[in-house]
Amino acid sequence: MKDPFTRNLGDGGRTLDQKILDIFRQDKGRIVSGEDLSGVLQVSRTAVWKHIKSLMEVGYRIEAIPSRGYRLLEAPDLLIPAEIRAGLNSDRIGRRLVCCRETGSTNEDAFRLAEEEAEEGTVVIAEAQRRGKGRLGRHWESPAGVNLYCSVILRPHILPAKAAQLTFLSVVAAARAIETITSLRPSIKWPNDLLLNGKKVAGLLNEMSAETEKVNFIVLGIGVNINMELAQFPKDLRHPATSLFLETGRPVCRLDFVRALLEALDTLYDTYLQNGYGPVREEWLERCNFLGEKVRITFQKNEINGVATGIDEEGALLVKLPDGGVERVLAGDVTIL
Ligand code: BT5
C-alpha cells in the first residue's frame, strides 16, 4: 500500500482527491457514478478512475459497482489532512496541515517551519514521535497511532513577557476539546497538565522565538493520550497517567478529537486577539483544581511551600508563604499537599 503521508493528501488547496471525497461525503454511503464525477469535476472518466485507484492505494476502501459507480465504505484511521479537513470548522487554526507518520518532535518541526516563515495557524501532526519533548528536557511517550501529538504556530503581536498567556490558552482549549468529545471535565494543574481523576491525560509544551520587544512566533505543543492502553505507559512516569480510552472505557475517534481541539483553539485565540487575556484567565481559574490548597513547588533544587492563590498577567503562580508574603513562581512542578 502507498503511504498517504508522502502525498500529504488533502493539503495545499482542494485537490481532485479531496473533491472526490467531498462528493462521497455529501451523502454518506451513496453511490456516485463515474459519469457524474467526471461531469462535476470536469475531467475524463479515466482520470476519475485513476484518482479513485490512488485513494484506494492509500487506504480508502472504495467499492466499484459495475455499471452504477463508486461508493466510499471506509476512510483510513489516520490523522491526514484530507480526513481532518472534512468537517473542520475553523478559520485561522489549521489553514495549513502538515501531517506525517513519524517524526522526531512535532514542536521541532513546527519551529523549523515557523523560521521558514510558515503562516500563523499552521499545524504539524505526527502519528508517532521518536523524541517527543516534555519540559526541562524530559521525554514525552509517543507511541504510534493511538494518541495526538500536535504543534500549532501562532504569531501574536505581544511582548515576550506575555507569552505564557498562550500556554494558558492552549491548556484551556485542550480541556474544552476533552469535554466536548468525552463529556468528562479535566482539571488543570499549573502550568501545563490536564488531569482526569488525578491522572495526567495531556501535557503541553510551548516554545517561542522572540527578540527583546517582540515575539516572532510561538509553537503550542499539545500531547493528548487518546486511545493509549495501560500496557503502553512506561512504569517510571513521574505521575500517574491515563488516556481518554482508559477513563471512558471506549475508544475515542482521534479525528473528531483533533477537529474539536483545532476549533477550540480557533475560537479562544480569536477571543484573545479581540478581548485580551481576561476571558482565558477566568476559564483557566475555573478549571484549575488546586487554588486555595496547600502546595509544594519544586524547581531544580529549590522548594517552596505555601497556599496557591492564583495566577497573574504573566502566568506566574501566586503562592502565599507561611510568613504572609506572596511569591511569584514562574516555573516548576506542583504537588498538592
Ligand atoms: C509535558 O512535559 O507535559 C509536555 C508534553 C508535551 C508533549 C507534546 S506532544 C506534541 C509536541 N511535540 C513535542 O515534542 N512535545 C509536544 P512535563 O510536564 O515535563 O511532563 C513530562 C513527564 O510526563 C515525563 O517526564 C514523564 O514522567 C511523563 N510522561 C511522559 N509521557 C507521558 C504521557 N504520554 N502521558 C502522561 N505522562 C507522560
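For any residue, its number in the working numbering is found by taking its place in the sequence shown, counting from 1, and adding 51. Virtual Cβ for every residue (Gly too), placed ideally from N, Cα, C. Keep in mind it's a predicted model, so treat the numbers as computed, not measured.
Candidates P117, L281, K101, A225, of which the one nearest R256 by Cα: The sequence given here places Leu at residue 256; Arg does not occur at that position. For the residues P117, L281, K101, A225, the minimum Cα distance to L256 belongs to A225.
Inter-stretch contact (C-beta, 8 Å, three-pair minimum) for the segment 293-300 and the segment 271-285: Below 8 Å, enough C-beta pairs join the segment 293-300 and the segment 271-285 to call them touching: three or more.
As assigned by DSSP and simplified to three states, the class of D39: This structure leaves residue 39 out entirely; the chain is present only between 52 and 388.
Residues sharing a beta bridge with C304, DSSP: Answer is none; C304 lacks a bridge partner.
Test item: CB-CB of E178 and G196 under 8 Å: Judged by their CB atoms, E178 and G196 are nearer to each other than the 8 Å cut-off.
Nearest-angstrom beta carbon gap, L388 and V380 [assumed within contact, 8 Å]: Wrong, their Cβ atoms sit about 15 Å apart, outside the cutoff.
Beta-carbon proximity of T231 to A137, cut-off 8 Å: In this structure, T231 lies away from A137, with their beta-carbon atoms at least 8 Å apart.
I209 in three-state terms, based on DSSP: Here I209 carries a coil assignment [DSSP, helix/strand/coil].
Residue range of the beta strand (DSSP E) that includes A261: Boundaries of the beta strand (DSSP E) harbouring A261: 250-262, taken from the DSSP string.
Backbone secondary structure at S221 - three-state DSSP: DSSP, reduced to helix, strand and coil, places S221 within a helical segment of the structure shown.
Local conformation of I144 per DSSP, three classes: DSSP places I144 in coil when its eight states are reduced to three.
Endpoints, alpha helix (DSSP H) assigned at S89: Residue range 85-92 is occupied by the alpha helix (DSSP H) that includes S89.
Simplified DSSP assignment, three categories, for N158: In the three-state scheme derived from DSSP, where H, G and I count as helix and E and B as strand, N158 is classed as helix.
Neighbour-count burial assignment, P242, 16 or more Cβ in a 10 Å radius: Around the C-beta of P242, 16 or more other C-beta atoms lie within 10 Å, and the residue is accordingly described as buried.
The segment 260-269 in contact with the segment 186-201 per 3-pair CB rule at 8 Å: No contact exists between the segment 260-269 and the segment 186-201.
Contact test: Q180 Cβ vs ligand 1 heavy atom, cutoff 7 Å: Yes, since a heavy atom of ligand 1 falls inside the 7 Å radius drawn around the Cβ of Q180.
Residue range of the unbroken alpha helix (DSSP H) whose run includes R76: Where R76 is concerned, the enclosing alpha helix (DSSP H) stretches over 67-77.
Check: A224 C-beta below 7 Å from any heavy atom of ligand 1: False, no ligand heavy atom lies under 7 Å from that Cβ.
Residues near R112 by beta carbon distance below 6 Å, same chain, minus five either side: L124, E125, listed in sequence order.
Per DSSP, the bridge partner or partners of S121: Per the sequence presented here, residue 121 reads as Tyr, with Ser not at that position. Answer by DSSP bridge pairing, in chain order: V83, A115.
G272: CB within 7 Å of a non-hydrogen atom of ligand 1: G272: yes, Cβ under 7 Å from ligand 1.
Sufficient close CB pairs (3 or more, under 8 Å) joining the segment 203-211 to the segment 153-172: The answer is yes - the segment 153-172 touches the segment 203-211, with three or more Cβ pairs under 8 Å.
Proximal residues to K184 (C-beta, below 8 Å), its chain only, five neighbours per side dropped: Contacts found: S156, N158, E159, H190, W191, L256, G272.
For F296, the first and last residue of its enclosing alpha helix (DSSP H): Element bounds for F296: 295-299.
Cα-Cα separation between G145 and L313, rounded to whole angstroms: Distance between the alpha carbons of G145 and L313: 7 Å.
Whole-angstrom distance between V174 and L164, CA atom to CA atom: Taking C-alpha positions only, L164 is separated from V174 by approximately 10 Å.
Stretch-stretch touch, CB-based, cutoff 8 Å, three pairs: the segment 214-228 with the segment 314-331: With the cut-off at 8 Å, the segment 214-228 and the segment 314-331 touch.
Per-residue burial, N198 [other beta carbons within 10 Å of its own, 16 or more giving buried]: By the neighbour-count criterion, in which a residue is buried when 16 or more other Cβ atoms sit within 10 angstroms of its Cβ, N198 is buried.
Best match in L319, H102, K345, V346 for proximity to E334 [C-alpha to C-alpha]: Of L319, H102, K345, V346, the residue nearest in Cα terms is L319.
Reduced DSSP category for L319 - H, G, I as helix; E, B as strand; rest coil: It is helical.
For A161 and S202, believed in contact at Cβ under 8 Å, the rounded distance: Right, the Cβ-Cβ distance comes to about 4 Å (below 8 Å), so this counts as a contact.
Ligand 3 heavy atom lying under 7 Å from the CB of G249: No copy of ligand 3 occurs in the structure displayed; its ligands are ligand 1 alone.
A214 versus M107: straight-line alpha-carbon distance, rounded: Distance between A214 and M107, taken at the CA atoms: about 44 Å.
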